[in-house]
Amino acid sequence: MRCTLPLLLCCSLAACSTSTPDEQPEAHASTSASQLLAPSLRRLSVAELSAAASSLVGTDVDLASALPADARQHDFSRSLTQSVDSLTLKQLVAATRDVAERLEPTSPTLPACARDALADDQACQAQLITSLATEAFRRAPNEGELSSLRAIFETGAAGASFRDGAVLVVRALLGSPELLYETALGSSTVGARLSLGDDELASQLSWLIGGAPPDAELRRAASEGELHSGRERRRQALRLLQNPAARSLYRRFVEEWLGLTRLRSLAKASSVAPDFAELREPMLHETETVIDDAFVSTGGALQQLFAGSYSIVPSELSNLYGIAATGAEQRVSLGKLGRVGLLQQASFLATFAHEDESAPVLRGKAVLERLLCRQLPKPGELGIELVLPPPNPAATTRERFALHAREPRCAACHDPLDGVGFTFENFDAVGRLRSSEAGKPVDTTGHLLLDGQDLPLRDSAELSLALAGSQELAECAARQVVRFAAGLDATAVEDDFVRATRSLAEPERDSIIGLFLAFVEGDWFAWRARP
Amino acid sequence: MTLRSPRIDRRTVLTALGAGAILDMLPSEVRPLSAQTAGARYFVGVYMPHGMAREYWLPHEGFDIGYDGCSLAPFADANALGKSYADQLLVLEGLDLTAGIEGATSGHDGSRVILTGSAQSGQNASIDQFLAIERGLGQDTPLASLVLGVGNSAPDLGQCISYAKGGVALPKLVDPSQTFDQAFARLVVGNDPVALAKLERERKLGKSLLDYWRDDLGRLKARAPQNERDKLEQHESALRELEKSLGSKLDGCTPPPTPDASGFPRLASYGGGEPYFDTVTNLQIDLLAQALSCGITRVATLFLADLSRTHLDPALPDDVHIDVAHRYTSGGRAGGGNPQSWQQLARQNHYTSTKLARLVQRLDQLGILDQTVLIALSDMGDPSRHTSRQVPALLAGGWGGRLRGGRHVDLGSAGTPNNRLLVSVQQAFGVESESFGEAKDPAVVTGSLEL
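Keeping their order, the protein sequence lines are chains A and B. Quick note: the first sequence, position 240, residue 240 per my numbering, numbers continuous. All you need for my numbering is the position in the second sequence, starting with 1, plus 531.
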């Protein structure tokens, strides 16, 4: 297999395993039902629906502007909260009608006979229906399904053309619950556990790793029962990772994990950045470039993501970063900019800031909750009403937020929050470096309890370096992989997976792709708890 | 106004415990609300951004809302509206979004609580969807409900007031062209034989597709675990809605003109500021009122997103969120604060009132105001403190004879859960339950307001 991941990692990943892989469903019983996910139905995200439609009609389809935005969990668009409400269905039906009506008889997803078939060409009709249904359902259709689709075809073709029949079949499939939901319902029971079926395994694997419906090779592996083997799932996952769609999915995981997709709908006060609307996309582009780079060179190593020493800065950001504009992207040593890793990029700093000022609480919260998976109570849960520090042009943000330390009820949570958040105080609301605020020098010192040690921190660069090498970040990344895969919080499964990752080899444990591979290889992926 | 003493019955306790599934098994003695001929017929829920400056939104003695600076003055502006609607307005002071405060869903997240009476973890539908779907108010209209917004289409926490059973936020239509398409486009046919033939074929194909999808969904439902049933029932409901829209036509109602999209060439979401906020809001309001009066739906909600950078009032700073709402300094009922900050927020609130007054006027002109239950709430009382206590609430319409306007009702400083308003709303439609929403303490979700 050709491997576009770094050779060392690729070989290492191919050989690793987290736990005894389940060669046969009935032979495996290492994970108890309480550590498995519940059976579920997940409505595909808008991006996934676009991918499904693209693969069905053989041309690029983007439904993002036609459908309501995704309902998210932890910012992840893979979410069990996605549903088919009335508006979504109507807009989906309208959008997919337009997609289907653009179907060309020469589409690569239609059989060759469709080019000049007449409306009553039964043989070509059968070929076409089987081919499209297989693509749409991510599995071979059964006779009942084929029969229903024949009726659809005939309704569409009656008094019209073969193509009209095909168009109606495509419309039926694009609105079909079989296509809209990814199922994890299981096909056989072993004690209190349910084994996912062959087709479900293929579908789950393909959407989770490849960001697309299963391809022919995956369907073959499924039909031969190979995907019940953890090693085979890993092998297939490594194969899927060679596709560009897999890189997009991995990028989406990192961006959604960090909450950066929020940036697109944020604004900043004109006094801080009058041109902010023009900076948002370049900020995300910079981050995506670095994330992509990390995929290619290290499989998304946490060290590279969070303690990376360079960036590719778009020309639009040169002013913000204080570098000479060249009119093109520049590879820049972050050390020269006084920055390190993703947390000191403008995208993160601007996302977690207020409109007109930095936000130590938001930045601290982002690090503690997103990167270290710590659960912080909301003030309301503690009976504390949120009171924002009053504006005071003569005081620094840090001085104003020092109120937290004086109020004992607030201090319990805010000491760790602000201890992290204050380390970013040398960056303003858009991530621009600053050395003073309100005429006073900024104070970026803080502290963080990490891996059992209370670390004094000089600034957020030191914070990034400490995080990147920490066990807690690696374990939180593992937890986030489970949330992304499961589409919801799944504490027991997360705990079990985190425990398992402790025995992984370092390149695998400390990289995003390594964690995904470990997850798909294990029982958490292939089994469900019987309801 | 007096508060009815809570009567805690089995249903109440089960609701408070979040036992929606058990409730479903209880025999229902209520006919679909669509079949009822008396009482309220239409529901409209509106989210107002930024709270309201209490110093300028409360009426003065004699229900005077025309005093200098009053943010409710637009309701009494007979020059703009043709007549004063002050007597159609009930100003309700003293509501808390209690379930949200107790369930960590307050401040910017508080809109989640306005129509659900539940925190983020709640599983019940919002009152609009409860009436439309669970109680059948939308059963025989082409659309069960219209969920509209201005400025932000994302179904995110803090950006929605309509929730389906199961607790999932419903997406909003923020583009007036799409609102028109959903509500009217398929119903406006004309006499062009080619268009009629095309429509007839589309209906035939649509029915065939619906049968196919329904069978497919039925097979999936048979295999689905209990915990995923709400999701599939929502899908079934969506298919019913789709079916209704296929066979619907307008009877005795002139549809509004197609919105002129050149008036809003670009739509943007919250942070960037909706550049055509006023145009879009007016169109959404007019389409909403027309949809109700034409019998397209009986239930609608409207979410007016943050007004920052909408440049609606040259006397206000660009960034209304930060420079007005965050700078509001008030001592609340105790008095005190910064009067200049009150005036600034009141100016912004005044704008929101012009839009609500427009909605009331349109409903009146279309002859359905008396049968309409209109409630408009904000997620915060004091927006600079981000508190969901003492949130402003405006009630309008006749509520089918249950609401007497021209009054200011103060529920007191202790804070009355907004659930009681929602109970009163459902009772205006003939749902004789004494509870609505979910909370750990049954007292939060129980009881009504006598209006």
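Beta carbons: idealized from backbone N, C-alpha and C, even for Gly. All values derive from a computational prediction rather than experimental measurement.
In or out: residue i buried (at least 16 other Cβ within 10 Å) or exposed?
i: GLU437(A); result: buried
i: VAL296(A); result: exposed
i: SER203(A); result: buried
i: ASP817(B); result: buried
i: HIS881(B); result: buried
i: HIS228(A); result: buried
i: LEU814(B); result: buried
i: LEU457(A); result: buried
i: ALA325(A); result: exposed
i: ALA27(A); result: Confidence is the limiting factor: at ALA27(A) the pLDDT is only 36, short of 50, which leaves the residue's position unreliable, though a coordinate-based value still follows. Label assigned to ALA27(A): exposed.
i: GLU508(A); result: buried
i: SER34(A); result: exposed
i: VAL313(A); result: buried
i: GLU232(A); result: buried
i: TYR598(B); result: exposed
i: LYS336(A); result: exposed
i: LEU900(B); result: buried
So, with DSSP's three-state summary, where would you put residue i?
i: ILE994(B); result: With chain B running from 532 to 982 in the structure shown, residue 994(B) is simply not present.
i: GLU437(A); result: strand
i: ALA865(B); result: helix
i: HIS447(A); result: strand
i: ALA831(B); result: strand
i: GLN73(A); result: strand
i: GLN896(B); result: helix
i: ARG569(A); result: Limits of chain A in this structure are 1 at one end and 531 at the other, which puts residue 569(A) out of reach.
i: SER297(A); result: helix
i: SER358(A); result: strand
i: MET283(A); result: helix
i: ASP164(A); result: helix
i: VAL340(A); result: coil
i: VAL272(A); result: coil
i: ALA584(B); result: coil
Nearest-angstrom Cα distance between residue i and residue j?
i: ALA71(A); j: GLU255(A); result: 16 Å
i: ILE853(B); j: GLU355(A); result: 7 Å
i: ALA394(A); j: SER872(B); result: 20 Å
i: GLN330(A); j: ASP98(A); result: 41 Å
i: LEU103(A); j: ARG234(A); result: 36 Å
i: GLU200(A); j: THR183(A); result: 7 Å
i: ASP687(B); j: ALA700(B); result: 7 Å
i: ALA974(B); j: PHE967(B); result: 11 Å
i: ALA158(A); j: ALA119(A); result: 8 Å
i: GLY259(A); j: GLU369(A); result: 11 Å
i: LEU44(A); j: TRP207(A); result: 9 Å
i: PRO274(A); j: VAL430(A); result: 11 Å
i: ILE209(A); j: ALA221(A); result: 16 Å
i: HIS414(A); j: THR445(A); result: 15 Å
i: SER861(B); j: ARG916(B); result: 10 Å
i: ALA675(B); j: ALA769(B); result: 9 Å
i: LEU56(A); j: ARG239(A); result: 22 Å
i: GLU154(A); j: ALA566(B); result: 39 Å
i: ALA792(B); j: PHE808(B); result: 13 Å
i: ALA490(A); j: PHE76(A); result: 14 Å
i: ALA477(A); j: CYS784(B); result: 58 Å
i: SER839(B); j: ASP850(B); result: 5 Å
How many whole angstroms separate the CB atoms of residue i and residue j, which I take to be in contact at a CB cut-off of 8 Å?
i: GLY946(B); j: ARG920(B); result: 5 Å
i: THR289(A); j: SER511(A); result: No, THR289(A) and SER511(A) are not in contact; Cβ-Cβ is about 18 Å, not under 8 Å.
i: TYR310(A); j: SER333(A); result: 5 Å
i: ASP941(B); j: GLU624(B); result: 5 Å
i: LEU925(B); j: ALA907(B); result: 5 Å
i: SER693(B); j: SER657(B); result: 5 Å
Given the structure, does residue i come close to the ligand PLP, in the sense that its CB is under 7 Å from one of the ligand's heavy atoms?
i: ALA94(A); result: Of the ligands one can find in the structure shown there are none, so the ligand PLP has no counterpart to examine.
_To test your reading of the DSSP string, which unbroken alpha helix (DSSP H) runs of 4 or more residues are found completely within the stretch 75-155 of chain A?_
86-101 and 122-137
_Segments assigned alpha helix (DSSP H), at least 4 residues, entirely inside the stretch 690-762 of chain B_ = 707-714 and 724-754
*asked:* Could you tell me which whole beta strand (DSSP E) segments of length 3 or greater appear in the stretch 898-958 of chain B?
replied: 903-909, 922-927 and 938-941
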